[in-house]
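Structure, as C-alpha cells:
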Amino acid sequence: MTGAPDTPAIRVRDLVKRYPGRPPAEAVRGLSLDVRRGECFGLLGPNGAGKTTTIEILEGLLAPTSGQVEVLGLTWAADAAVLRERVGVSLQETRLSDKLTVLETVRLFRSFYRRGIAPEAALDLVGLVPKAAARVANLSGGERQRLAVATALVGWPELLFLDEPTTGLDPQSRRQIWDLVETCRGCGHTVVLTTHFMDEAERLCDRIAIVDAGRVIALGTPPELLAEFGVPHLDDVFVKLAGRRLTESGWTEPLGNSLRSGAGGPA
Amino acid sequence: MTPAASPIARPLPPPVVTAGGHAPFVELVRSRLIEFCREPEALFWVYGFPLVMILSLGIAFRQQPLASLSVDIVAGPHAEADFAALATAAGLTATIRPQADALERLRTGRADLVVEHTADTIEFRADPTRPEAALARDRAHDALERAAGRRDLLAVRDTPLAAPGGRYIDFLVPGLMALSLMGGGLWGVGFAVVEMRIRKLLKRFFATPLAHWQFLAGMMAGRMLFVIPEMVLLVVCARLLFGVRVFGSPAAVVFLLVLGATAFAGIGLAIAARAKTLEAVSGALNLLMLPMWLGSGVFFSRERYPDWLQPVLAALPLTPLVDALRGVMLEGRTLAGCAAEIAAVAAWGIVCFAIALRIFRWQ
Numbered sequence: 000m001t002g003a004p005d006t007p008a009i010r011v012r013d014l015v016k017r018y019p020g021r022p023p024a025e026a027v028r029g030l031s032l033d034v035r036r037g038e039c040f041g042l043l044g045p046n047g048a049g050k051t052t053t054i055e056i057l058e059g060l061l062a063p064t065s066g067q068v069e070v071l072g073l074t075w076a077a078d079a080a081v082l083r084e085r086v087g088v089s090l091q092e093t094r095l096s097d098k099l100t101v102l103e104t105v106r107l108f109r110s111f112y113r114r115g116i117a118p119e120a121a122l123d124l125v126g127l128v129p130k131a132a133a134r135v136a137n138l139s140g141g142e143r144q145r146l147a148v149a150t151a152l153v154g155w156p157e158l159l160f161l162d163e164p165t166t167g168l169d170p171q172s173r174r175q176i177w178d179l180v181e182t183c184r185g186c187g188h189t190v191v192l193t194t195h196f197m198d199e200a201e202r203l204c205d206r207i208a209i210v211d212a213g214r215v216i217a218l219g220t221p222p223e224l225l226a227e228f229g230v231p232h233l234d235d236v237f238v239k240l241a242g243r244r245l246t247e248s249g250w251t252e253p254l255g256n257s258l259r260s261g262a263g264g265p266a
Numbered sequence: 000m001t002p003a004a005s006p007i008a009r010p011l012p013p014p015v016v017t018a019g020g021h022a023p024f025v026e027l028v029r030s031r032l033i034e035f036c037r038e039p040e041a042l043f044w045v046y047g048f049p050l051v052m053i054l055s056l057g058i059a060f061r062q063q064p065l066a067s068l069s070v071d072i073v074a075g076p077h078a079e080a081d082f083a084a085l086a087t088a089a090g091l092t093a094t095i096r097p098q099a100d101a102l103e104r105l106r107t108g109r110a111d112l113v114v115e116h117t118a119d120t121i122e123f124r125a126d127p128t129r130p131e132a133a134l135a136r137d138r139a140h141d142a143l144e145r146a147a148g149r150r151d152l153l154a155v156r157d158t159p160l161a162a163p164g165g166r167y168i169d170f171l172v173p174g175l176m177a178l179s180l181m182g183g184g185l186w187g188v189g190f191a192v193v194e195m196r197i198r199k200l201l202k203r204f205f206a207t208p209l210a211h212w213q214f215l216a217g218m219m220a221g222r223m224l225f226v227i228p229e230m231v232l233l234v235v236c237a238r239l240l241f242g243v244r245v246f247g248s249p250a251a252v253v254f255l256l257v258l259g260a261t262a263f264a265g266i267g268l269a270i271a272a273r274a275k276t277l278e279a280v281s282g283a284l285n286l287l288m289l290p291m292w293l294g295s296g297v298f299f300s301r302e303r304y305p306d307w308l309q310p311v312l313a314a315l316p317l318t319p320l321v322d323a324l325r326g327v328m329l330e331g332r333t334l335a336g337c338a339a340e341i342a343a344v345a346a347w348g349i350v351c352f353a354i355a356l357r358i359f360r361w362q
C-alpha cells in the first residue's frame with residue numbers, strides 16, 4: 000500500500016496524453032523516464048514541449064490517455080488518497096487568496112494534511128518569516144513563488160513537484176528559489192521541476208530529461224549529457240538534438256538567427 | 000549580489016514533523032470569514048443592501064392617513080354655505096374658485112372634485128376611475144346632505160386597524176430575509192467558487208488531500224455564518240424602526256434561516272460546478288434569480304399570478320422559504336406546521352449539493 004522504498008520515486012512508461020479536438024492535440028507522445036528517490040530531477044524543454052502536461056499527470060491532476068505512471072510505487076487510479084498526503088505541488092500559475100496573510104495561507108494548507116511541519120517552520124524554510132503577517136496581495140513575484148513552495152512543503156512531502164518555479168522572476172528572486180530547491184533536496188525530498196532555463200537545470204538538477212514535442216530526447220546527469228554530445232554547454236545539447244536554439248523566453252528559434260533572440264514565438 | 004545575502008541559503012535542521020492539526024473544514028471556514036471581513040465592498044452588499052432596502056420600502060409604504068382630498072367649490076350664491084358644510088367633513092380641504100380655474104385644476108389632477116351649486120342642483124365633477132375622486136365625491140355629498148338637515152338612522156362606530164402583523168412592512172420583512180439568503184447563497188458561493196477556479200486555486204486545493212465534500216461544505220458553512228449577523232441586523236432594525244414583531248418562536252426563525260442559507264449555498268455550488276468564467280456564472284445566477292425576485296411572493300403575494308402559473312411558482316426554491324418564514328414570523332406557525340415547505344427547501348439544497356459534488360470541475 001505504501002510502496003516499497005527501493006522502488007523509484009517515479010516510473011513512467013510510454014506516456015501519451017491526447018487532448019480532444021479537431022484535430023486532437025497530442026501533448027505527450029510516448030514519454031518514459033524514472034526519477035530516483037532523493038534526487039532533483041529536471042524536465043527541461045521549450046514551451047509547448049509537454050512539460051506541464053507531463054508533470055500534471057505525475058501530480059495526479061490530469062489523467063493520461065495511455066501509458067503507465069507509478070508515483071512512490073503507487074498509482075493515482077488506485078491510491079490517490081495516500082499519494083495526496085505524500086506529494087507536494089506548486090503549480091505554474093496559482094493566485095492564492097490576496098486577502099489572507101502569508102501565515103494564514105500556509106496554516107490553511109497545513110490543515111489539509113494529516114501530518115506535516117509547523118506553518119512557521121515552512122515559512123522559515125522559504126525565508127518568509129519576516130513577511131508572515133503581510134497580505135498575499137502585497138508580496139512580490141518572488142515572494143509569492145516562495146509562498147507557493149511553502150504551501151507545498153508544509154505537508155512535508157516525500158516528493159515535491161515545482162512547475163516552472165522561476166518563470167517570470169528577476170535574477171535575484173530566481174537565485175532565492177534555487178537556494179530553496181537545494182534546501183528542499185537537503186531535507187531529503189525528491190524534487191521534480193520543469194524549466195526552460197538551461198543554467199537552472201544544470202545548476203539544480205542531479206539528472207535532466209530534455210523534452211521536445213512530447214518525448215524525452217535526452218536523459219542523464221549534466222556532465223553525462225555534455226560528454227555524450229561533446230559540447231561545453233547544455234544549450235548545445237539541445238541544438239544538436241532539436242536543430243533549434245532554446246531562448247530565455249522559453250520559445251525556440253532557428254539556428255543562425257541569434258539577433259532576434261528572445262523574440263521568436265511559435266510560427 | 001552574493002548568495003550569502005539570500006534569506007534561504009543556510010543549513011537548517013530538518014523541521015519537526017507532527018501529526019494532526021486543525022480540521023481542514025474549520026480552517027476553510029475561518030479563511031472564508033477572514034477574507035470576507037477584509038473586503039469592504041462585500042460587507043456593504045451583504046449588510047448594507049438589505050438595510051437600505053428595508054428602510055426605503057418601509058418609508059415608502061408606511062401607514063399614513065389618507066392625504067387630504069382637495070375639493071374646489073365654484074364661486075356662486077351658495078358657495079359660502081357649501082364651504083362651511085365641507086369644512087366640517089373629515090379629510091376634505093375646500094376652496095372657492097372661479098369655474099374656469101376649478102375645472103383647470105380638476106383636469107390637471109390638483110383638485111379631486113369640483114362642486115357647482117346652481118339653483119336647484121349640486122353638480123359633482125370628478126374622474127370616476129380615481130379612487131380619491133370617488134371618495135371625495137361621497138364625502139362631499141354626505142357633508143352637504145347633513146348640512147341640509149339629513150339625519151342618520153343607524154348607529155355607527157369605526158374601529159381603525161393598525162395591528163402589527165398585518166401591515167405591508169410586516170409582510171415585507173420575511174420576504175426580504177429570504178431574498179437576502181438567496182442572494183447571499185447564490186452569489187457568495189457561486190461567484191467565489193468560479194473566481195477560485197479562474198485563479199487555479201481550486202486546482203491547487205485538488206492537489207492536496209483536502210476532501211471534495213469538505214471544501215464544498217466549508218464554502219457553504221462560511222456563507223451560512225455570514226448571514227446570521229445579517230439577519231439579526233435586519234430583524235432588529237425592522238423591530239426598532241417599524242415595530243415589526245416575530246409571532247412565532249425565534250428558534251424556529253433561526254432554523255429556517257440556517258436552512259435557507261445552506262440550501263441556496265448548495266444551489267450556488269451546483270450553478271458554479273462547471274462554469275469557467277464569471278460571465279457564465281453571472282448570467283446563470285441572474286437567470287435563476289429573476290423569476291424568484293418576481294414570482295416567489297417577496298414583494299407582493301404570488302396569488303396575483305394566474306392559477307396555471309402557481310405550480311411553477313411553488314416549485315421555485317425561494318417560494319417555500321418565503322412561505323415558511325412568513326408562516327412562523329407572522330402567523331406564529333411552528334416548524335411542524337411548515338413541514339412541507341421545510342422539506343421542499345431542504346430537498347433543493349440536498350439535491351443541488353449532491354449534483355455539485357458529482358459534476359464539480361476542479362480545473
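In the order they appear, the protein sequences are chains A and B.
Using numbering that gives the first Met the number 0, read the first sequence as starting at 0 and increasing by one per residue.
Using numbering that gives the first Met the number 0, read the second sequence as starting at 0 and increasing by one per residue.
For every residue, glycine included, the Cβ atom is placed at its ideal position computed from N, Cα and C.
Computed from a predicted model, the values in this text were never measured in an experiment.
Exercise for the section: Compare the C-beta of B/T1 with all C-beta atoms of chain A and state if any pair is closer than 7 Å. Expected result: At B/T1 the pLDDT is 41, less than 50, meaning the model places this residue with poor confidence and gives no usable figure here.
Exercise for the section: Identify the continuous alpha helix (DSSP H) that holds B/P319 and give its terminal residues. Expected result: 317-330
Handout entry: Whole-angstrom distance between B/M291 and B/G184, CA atom to CA atom
Key = 14 Å
Handout entry: Exposure of B/W212, with buried meaning 16 or more beta-carbon neighbours within 10 Å
Key = exposed
Handout entry: Closest residue to A/E69 among A/P231, A/L14, A/T150 (Cα-Cα distance)
Key = A/L14
Practice task
Could you run through the segment 86-98 of chain A and flag, in chain order, every residue whose CB is less than 7 Å away from some CB of chain B?
Solution key: V88, L90, E92, T93, R94, L95, S96, K98
Practice task
Mind checking who B/H116 pairs with in its DSSP beta bridge?
Solution key: B/I121
Exercise for the section: State the start and end residues of the unbroken beta strand (DSSP E) segment that holds A/Y18. Expected result: 9-18
Handout entry: Between the CA atoms of A/G167 and A/G249 - distance to the nearest angstrom
Key = 11 Å
Handout entry: Validate contact between the segment 287-306 of chain B and the segment 168-178 of chain B using beta carbons, cut 8 Å, 3 pairs
Key = yes
Problem - Contact set between B/F225 and chain A, taken where Cβ atoms lie within less than 7 Å - result: Under the 7 Å cutoff, chain A gives no residues; its nearest Cβ is about 14 Å from B/F225.
Handout entry: Residue closest to B/L105, alpha-carbon to alpha-carbon, out of B/D119, B/E115, B/D126
Key = B/D126
Practice task
Given a cut-off of 7 Å, decide if A/A117 and A/V105 are closer than it, judged by their beta-carbon atoms.
Solution key: no
Problem - 8 Å contact criterion, which B/M223 and B/R31 should meet: CB distance rounded - result: In fact, because the Cβ distance is near 10 Å, the residues do not count as touching under 8 Å.
Practice task
For B/T207, decide whether its Cβ has a neighbour in chain A, counting only Cβ atoms nearer than 7 Å.
Solution key: yes
Practice task
Determine the burial state of B/P76: buried for a count of at least 16 other Cβ atoms within 10 Å of its Cβ, exposed for fewer.
Solution key: exposed
Exercise for the section: Compare the C-beta of A/W155 against all C-beta atoms of chain B and say whether one is closer than 7 Å. Expected result: yes
Problem - Selected residue, minimal CA-CA separation from B/A147, among B/A59, B/M328, B/D111, B/H116 - result: B/H116
Exercise for the section: Taking the CB atoms as reference points, tell me whether B/A93 and B/V73 lie closer together than 7 Å. Expected result: no
Exercise for the section: Identify the contact partners of B/Q362 in chain A, using a Cβ-Cβ distance below 7 Å as the criterion. Expected result: L60
Handout entry: Close Cβ partners of B/G336 (< 7 Å) along its chain, the five nearest in sequence each way excluded
Key = G326
Handout entry: B/R238: first and last residue of the uninterrupted beta strand (DSSP E) it sits in
Key = Per DSSP, B/R238 belongs to no beta strand (DSSP E); it is in the alpha helix (DSSP H), 211-241.
Exercise for the section: With 9 Å as the limit, tell me which residues of the segment 180-207 of chain B have their beta carbon closer than that to any beta carbon of chain A; keep them in chain order. Expected result: M195, I197, R198, K199, L200, K202, R203, F204, F205, A206, T207
Practice task
Could you say if the segment 233-245 of chain A and the segment 79-89 of chain A meet the contact criterion of at least three C-beta pairs nearer than 8 Å?
Solution key: no
Practice task
Residues of the segment 99-115 of chain A with a CB closer than 7 Å to any CB of chain B: list them in chain order, please.
Solution key: L99, E103, R106, L107, F108, R109, S110, F111, Y112, R113, R114, G115
Practice task
Within the same chain, show all residues whose beta-carbon is closer than 6 Å to that of A/A163, passing over the 5 residues directly before and after it, in chain order.
Solution key: Checking the sequence shown, residue 163 of chain A turns out to be Glu, not Ala. Only Q91, T193 meet the Cβ criterion.
Practice task
Please compile the residues from chain B whose C-beta is within a distance smaller than 8 Å of the C-beta of A/A117.
Solution key: P14, V15, T17
Handout entry: Beta-carbon proximity of B/A274 to B/V28, cut-off 7 Å
Key = no
Exercise for the section: Give a yes or no on whether the C-beta atoms belonging to B/R332 and B/G247 are separated by under 7 Å. Expected result: yes
Exercise for the section: Flag A/R83 as yes if its beta-carbon sits less than 7 Å from any beta-carbon of chain B, otherwise no. Expected result: yes
Practice task
Taking only the alpha-carbon atoms, compute the straight-line gap between A/L82 and A/L71 and give it to the nearest angstrom.
Solution key: 8 Å
Practice task
Say whether chain B places a C-beta atom closer than 7 Å to the C-beta of A/A212.
Solution key: no
Problem - Among A/P63, A/V210, A/D205, the one whose alpha carbon lies nearest that of A/E223 - result: A/D205
Problem - Spatial distance of B/P173 from B/I227 (CA atoms) - result: 14 Å
Practice task
Please specify which runs of the alpha helix (DSSP H), each continuous and at least 4 residues long, are wholly inside the segment 57-124 of chain A, giving them in chain order.
Solution key: 75-85, 101-111, 118-124
Handout entry: Residue from A/E103, A/E55, A/T53, A/C186 whose Cα sits closest to the Cα of B/V15
Key = A/C186
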